[in-house]
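Enquirer:
Chains as they are written, first to last, in the working numbering: chain A, 1 to 250; chain B, 1001 to 1437.
See the structure below:
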């Protein structure tokens, strides 16, 4: 589904990604771990199409299509979803109307009519119940004054509504207490299928106890320096990153 | 002959058409003297530092335009809020257009200034209200000197007017250049409620200069809800001078939506003559090209326990320029005043500019006054957030601008007006629909 070849990216002339290779197939969950500043969030943003990042070398393919030239919204229309580490507060736009606009713009891009209002409401009800989101919350301004946990839950709610092919969860566990973490992880697990894939970016093993990865990759200084299965995440949790640095000689 | 000379000499011709022995005419005569002495304002005056009328005044305006009222409703329907039942006072090139209007004397007066100024039965009201709060500055004086036609609205005590009142001034461009000076008088008596919509609209690209004066009296516990829709052609200039006098416990709100015109200057003045008064002025300005919009506001807090709220949002693109000059004057007697002022702006181009200047003069010591102004660009991280959810760039921009304007839009009490404004904004931003926020 996603194939990244020798990806180099920089921001304002500073190289951040220095040759990423990654292949994610439908039905898989990949975790990307690594110390601060290793390029995890940059990788997420580059896949989602943030314009501030320049791809200087390499390519990103989604279903055999090179998406490097596509705008963020076009990537979203093709099924890429990024759950933000720091969701942006947008006063004046309610959660409901925002998600309605996002869904209908995506449908428009696919040549479909707007989703009928009652279908939309039904879907909103189902997904918000699944994530234990209070209905009142949905009429509030997007992310404005939300607690850290509410913001993350709202991100997963949007993911549930948009039903992406590839979801990238950037530090979705930060700012969540254990109950919220469980709710969010349950939500993600319910959305998982053999047709979609998830990339979980995290510092900690904690989230991976709930969203169990098929593969774990360690990012260091803009490169994936080690890949393995979920046991790798346990080892990182127990021993930190230093042993990897020694092993790969950095 | 420049425009000032032309106007001063035209005054004599004007005198041939009106009753020169009336008390109103004494006021006119005084006013033309003021205008003659002061002339048009220039950038040397502090209040006009950022707005120049030079390029506007160079046209050879026809001061008394010929009138051929051949406009039909279907030609101008789109400028009406036509999906609601409303009283209508419509003018074409300054002349009353009865076939487009719906006036009344049934339980309230929605009619013409020309009647009010000339008919004996209105004399007492005119003596009590006419030109009592209009400014004595040169432009208001110029309007006063030629005051003859406009809307006259008088809402009696306890009357809640069910239908809004629309005042529309059309200019046809039958003349190469037209100058219009409508004069409106609105009296809302004790405990009465009214909603008014005002619009100036030119129908061709011939230059039009409108110098309008509106006096609004909100008496004890009256509620006045006033909407100004400014979305005129690129050839039109509007100088709007509005004066609101409030008595105790009255509530007056003026919303100004400025989306078009070559140059728009809004002089909006509130005077609080009583306690527990609430004055609200809000505005959304969205302009581009070389358009210029200047909001010059004043709230004069004269008595204690009153409030004022100002919330102006501006979005400027291309080479457009904006001015916000908001003056809040709190007299020594006006203790426990709450005065809030906010002016937030987004500049979408490097060449657009806004000059914003809050001016607080506070002589009382127990007051709450706040003001804030911001100038920024569109938030890039918010743009990426919206686009990553599948909302295209243009729509994402529009959504952010709607959200930015929403504190003003949400206080519009007439749903049809809100829809209309939303539609105008959507058209300006090039998106297919407004966002139901």
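From the three backbone atoms N, C-alpha and C, an ideal C-beta is built for every residue, glycine too.
Could you give the C-beta distance for residue 214/A and residue 26/A, rounded to a whole number, given that I count them as a contact under 8 angstroms?
Expert: Not confirmed; about 12 angstroms, so no contact.
Enquirer: Whose CA, out of 1230/B, 1215/B, 1254/B, lies closest to the CA of residue 1136/B?
Expert: With distances taken between Cα atoms, residue 1136/B lies closest to 1215/B.
Enquirer: Per DSSP, what kind of secondary structure is residue 59/A in: helix, strand or coil?
Expert: Looking at residue 59/A - three-state DSSP - the assignment turns out to be strand.
Enquirer: Just to check my reading of the structure: residue 1142/B and residue 1035/B have Cβ atoms closer than 8 angstroms, yes? What is that Cβ distance to the nearest angstrom?
Expert: Confirmed, Cβ separation roughly 4 angstroms.
Enquirer: Indicate whether at least one CB of chain A lies closer than 8 angstroms to the CB of residue 1382/B.
Expert: By this cut-off, residue 1382/B is an interface position.
Enquirer: Can you tell me whether residue 1105/B is buried or exposed? The criterion is at least 16 other CB atoms within 10 Å of its CB, across all chains shown.
Expert: Exposed, by the Cβ-count rule.
Enquirer: Tell me the DSSP secondary structure of residue 1290/B in three-state form.
Expert: Three-state DSSP puts residue 1290/B in coil, outside helix and strand.
Enquirer: Would you mind working out which of 1113/B, 1050/B, 1404/B sits nearest residue 1314/B, comparing C-alpha positions?
Expert: Checked all of 1113/B, 1050/B, 1404/B; the closest Cα to residue 1314/B is 1404/B.
Enquirer: Can you tell me the Cβ-Cβ gap for residue 80/A and residue 48/A, rounded? I've got them flagged as a contact below 8 angstroms.
Expert: Rounded, the Cβ-Cβ distance is 6 angstroms, consistent with contact.
Enquirer: With respect to the alpha helix (DSSP H) encompassing residue 1382/B, which residues constitute its N-terminal and C-terminal limits?
Expert: Start and end: 1380–1387.
Enquirer: Are the Cβ atoms of residue 1381/B and residue 1348/B separated by less than 8 angstroms?
Expert: Contact: no.
Enquirer: Hey, could you find the ends of the alpha helix (DSSP H) residue 1179/B is sitting in?
Expert: Here residue 1179/B belongs to no alpha helix (DSSP H); instead the beta strand (DSSP E) covers 1178–1180.
Enquirer: Please report the distance separating the alpha-carbon of residue 1254/B from that of residue 1080/B.
Expert: Looking at the two C-alpha atoms, the distance is approximately 19 angstroms.
Enquirer: Using the beta-carbon count (16 or more within 10 Å), is residue 1013/B buried or exposed?
Expert: Exposed, since its Cβ has fewer than 16 Cβ neighbours within 10 Å.
Enquirer: Would residue 202/A count as contacting chain B if we go by Cβ distances under 8 angstroms?
Expert: No, its Cβ sits nowhere closer than 8 angstroms to a Cβ of chain B.
Enquirer: Near residue 1430/B, what residues of its chain come up, given a Cβ to Cβ distance below 7 angstroms and the 5 sequence neighbours on each side ignored?
Expert: So the list reads 1394, once near-sequence residues are dropped.
Enquirer: When you compare the CB positions of residue 1041/B and residue 1053/B, do they come within less than 8 angstroms of one another, or not?
Expert: Their beta carbons are under 8 angstroms apart, which means residue 1041/B touches residue 1053/B by this criterion.
Enquirer: Would you mind reading off the limits of the beta strand (DSSP E) that contains residue 1312/B?
Expert: It spans 1307–1316 - the beta strand (DSSP E) in which residue 1312/B sits, taken as one unbroken run.
Enquirer: Would you report the Cα separation of residue 170/A and residue 92/A, rounded to the nearest angstrom?
Expert: Each residue's alpha carbon lies about 25 angstroms from the other.
Enquirer: Would you check if there are 3 or more beta carbon pairs closer than 8 angstroms linking the segment 1111–1123 of chain B to the segment 1159–1170 of chain B?
Expert: The answer is no - the segment 1159–1170 of chain B does not touch the segment 1111–1123 of chain B, with fewer than three Cβ pairs under 8 angstroms.
Enquirer: If you measure beta-carbon to beta-carbon, which residues of the segment 157–187 of chain A are closer than 9 angstroms to chain B?
Expert: Result list: 158, 162.
Enquirer: What does residue 146/A touch in chain B if you count any residue whose Cβ is under 7 angstroms from its own?
Expert: Going along chain B, no residue has its Cβ under 7 angstroms from residue 146/A, so there is no contact; the nearest lies around 14 angstroms.
Enquirer: Rank 126/A, 78/A, 134/A by C-alpha distance to the C-alpha of residue 107/A and give the top, closest one.
Expert: Among 126/A, 78/A, 134/A, the Cα nearest to that of residue 107/A belongs to 78/A.
Enquirer: Using the rule of at least 16 other Cβ atoms within 10 Å of the residue's Cβ for burial, across every protein chain shown, is residue 1009/B buried or exposed?
Expert: Exposed: under 16 other Cβ atoms inside 10 Å.
Enquirer: Check this for me: beta carbons of residue 1300/B and residue 1270/B, under 8 angstroms apart or not?
Expert: Yes; because the gap between Cβ atoms is below 8 angstroms, this pair is in contact.
Enquirer: Buried or exposed for residue 1164/B, please, with buried defined as at least 16 other CB atoms from any protein chain shown within 10 angstroms of its CB.
Expert: The residue is buried, with at least 16 neighbouring Cβ atoms inside 10 Å.
Enquirer: Please work out which residues of its chain come closer than 6 angstroms, Cβ to Cβ, to residue 1356/B, disregarding the five sequence neighbours upstream and downstream, and give them in chain order.
Expert: Here the set comprises 1324, 1343, 1373.
Enquirer: Let me confirm a value: residue 147/A is counted as buried when at least 16 other C-beta atoms fall within 10 Å, else exposed. Which label applies?
Expert: By the neighbour-count rule (16 or more Cβ atoms within 10 Å), residue 147/A is not buried but exposed.
Enquirer: Per DSSP, residue 7/A forms a beta bridge with which residues?
Expert: Per DSSP, 20/A.
Enquirer: Around the C-beta of residue 31/A, are 16 or more other C-beta atoms found within 10 angstroms, so that it is buried, or is it exposed?
Expert: Classification of residue 31/A: buried, given that the 10 Å Cβ count is 16 or more.
Enquirer: Sort 46/A, 12/A, 28/A by Cα distance to residue 19/A and report the nearest one.
Expert: Nearest C-alpha to residue 19/A: 46/A.
Enquirer: Under 8 angstroms, do residue 218/A and residue 229/A count as touching if we go by C-beta distance?
Expert: Contact flag unset, no.
Enquirer: In whole angstroms, what separates the C-alpha of residue 1191/B from that of residue 1223/B?
Expert: Using only the alpha carbons, I get a separation of about 7 angstroms.
Enquirer: Starting from residue 237/A, follow the alpha helix (DSSP H) in both directions and report where the run begins and ends.
Expert: Start and end: 230–239.
Enquirer: Roughly how many angstroms separate the alpha carbons of residue 1363/B and residue 1086/B, rounded to a whole number?
Expert: Each residue's alpha carbon lies about 43 angstroms from the other.
Enquirer: Could you run through the segment 44–74 of chain A and flag, in chain order, every residue whose CB is less than 9 angstroms away from some CB of chain B?
Expert: The residues in question are 45, 48, 49, 50, 51, 52, 71, 72, 73, 74.
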